[in-house]
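A short write-up of the structure that comes next.
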Amino acid sequence: MKRNSRRGSLVIAAVLAASGIAANLAWAQVDAAKSSVTAVARQIGVPMEGKFRKFDAAVSFDPAKLATSSAKVEIDVSSFEIGDAETTKEVKGKDWFDAARYPKAVFQSISIKNGTPGKYDVAGKLTIKGKTVDVVVPATYRQEGAVQVFEGALPIKRTAFNIGDGEWKDTSVVADDVQIKFRIVQANK
């Protein structure tokens, strides 16, 4: 049972690495205390959630100038926490994030376009554990006084990034689908 619980935590950790996608919109200081990047995966059908504690974003966003808007997000994969010290350590190891060899997960936007009403489609490249995949991140934007708030969720396949190698590739225990959720709060330019 302990091993299964670590598997779920590991998947979530992997997902969180991808979560840097979220912090992608405006040349301003990200408010780390009000921002978050989490990942939700299922272990034997039960949702498990983890969080990255360190991520940086270089974002320029203007809803009236989407063609010149851009974002780059870097996540320190060693900052992942799942709540259990043993699982957290394992997630940083070779079969999962391999943090010693691949210390950062990176999202670089290519374009930002209007999506469904109230949303933006942020297309870009997500790199985790040396694997780069094209993704489109659906994000909402709203102005709240002196801050900009960006929120969204990105579904990814953990196996596309070799997250969970070896015995962990078995998706019947830890699902392949991972949901990366983000809330990025930053001061206006």
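Position 41 of the sequence shown, counted from 1, bears residue number 40 in numbering that gives the first Met the number 0, the numbering being contiguous throughout.
Ideal placement from N, C-alpha and C gives every residue a C-beta, glycine not left out.
- Task: Give the single residue among Thr87, Ala70, Lys128 whose Cα lies nearest to the Cα of Val29.
- Result: Ala70
Exposure of Thr131, with buried meaning 16 or more beta-carbon neighbours within 10 Å: exposed
Practice problem: Could you have a look at Arg100 and say whether DSSP puts it in helix, strand or coil? | Solution: coil
* To do: Report the residue from Ile127, Arg182, Ala66 whose alpha carbon sits nearest the alpha carbon of Glu73.
  => Ile127
Simplified DSSP state of Ile183, which is helix, strand or coil | Three-state result, Ile183: strand.
### Query
Nearest CA to the CA of Ser34: which residue from Phe60, Lys103, Ser171, Asp55?
Asp55
- Considering only residues of the same chain and omitting the five flanking positions on each side of Pro46, which have a CB-CB separation below 6 Å? Val39
- prompt: In angstroms, rounded to a whole number, what distance separates the CA positions of Val184 and Ile43?
  reply: Each residue's alpha carbon lies about 33 Å from the other.
| query | Between Arg52, Thr86, Glu80, Lys93, which lies nearest to Gly165 when the distance is taken from Cα to Cα? | reply | Checking every option, the nearest Cα to that of Gly165 belongs to Lys93.
In chain order, what residues of the same chain have a beta carbon less than 7 Å from the beta carbon of Asp176, not counting five sequence neighbours either side? Pro154, Lys156
Taking only the alpha-carbon atoms, compute the straight-line gap between Ala57 and Gln107 and give it to the nearest angstrom.
10 Å
Locate the beta strand (DSSP E) running through Val38, then write down its first and last residues. In the sequence under discussion, the amino acid at residue 38 is Ala, which differs from the Val named in the question. 35-42 is the span of the beta strand (DSSP E), which, as asked, contains Ala38.
Fill in: Three-state secondary structure (DSSP) of Lys53
Reduced to three states, the DSSP call for Lys53 is coil.
Could you check where the beta strand (DSSP E) with Val135 kicks off and where it finishes?
Here the beta strand (DSSP E) through Val135 covers 130-143.
message: Output needed for Ala138: all residues of its chain with C-beta closer than 6 Å, excluding positions within five of it in sequence on either side, in chain order.
response: Tyr119, Val121, Phe149, Gly151
Three-state secondary structure assigned by DSSP to Phe160: helix
Go to Thr115, then tell me how far its alpha helix (DSSP H) extends in each direction, as first and last residue.
First-last for Thr115: undefined, no H or E at that position.
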